[in-house]
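Trainee:
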Amino acid sequence: MLRQILSQAKKHPSLIPLFVFIGAGGTRAALYVMRLALFNPDVSWDKKNNPEPWNKLGPNDQYKFYSVNVDYSKLKKEGPDF
């Protein structure tokens, strides 16, 4: 597969940016899915010891990828403990 891509790139050098951008996009998509699977509080890999990991999050834990206007370090808890 890689040999075929390299031979096509040698024959048609204008395809090199296409291969680079498609490879970079695929890599970024794979890394984002891996980030969601490992660090998202909605995903529970250990259901025996931690069945509901979203209940252990405090109000100052940032789990969003990007937050525009919210500073999570200054938030205070507004509800009761369950």
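In our numbering, each number is its position in the sequence shown, counted from 1, plus 288. C-beta atoms are modelled at their ideal positions from N, C-alpha and C, and glycine is treated no differently.
Since W342 and D330 should fall inside the 8 Å C-beta cutoff, what is the C-beta to C-beta distance between them, to a whole number of angstroms?
Mentor: 6 Å
Trainee: So, under 8 Å CB-CB, Q296 and L303 are touching, yes? Tell me the CB distance rounded to an integer number of Å.
Mentor: 6 Å
Trainee: Nearest-angstrom Cα distance between Q292 and T315?
Mentor: 20 Å
Trainee: Tell me the rounded alpha-carbon separation between S361 and P301.
Mentor: 50 Å
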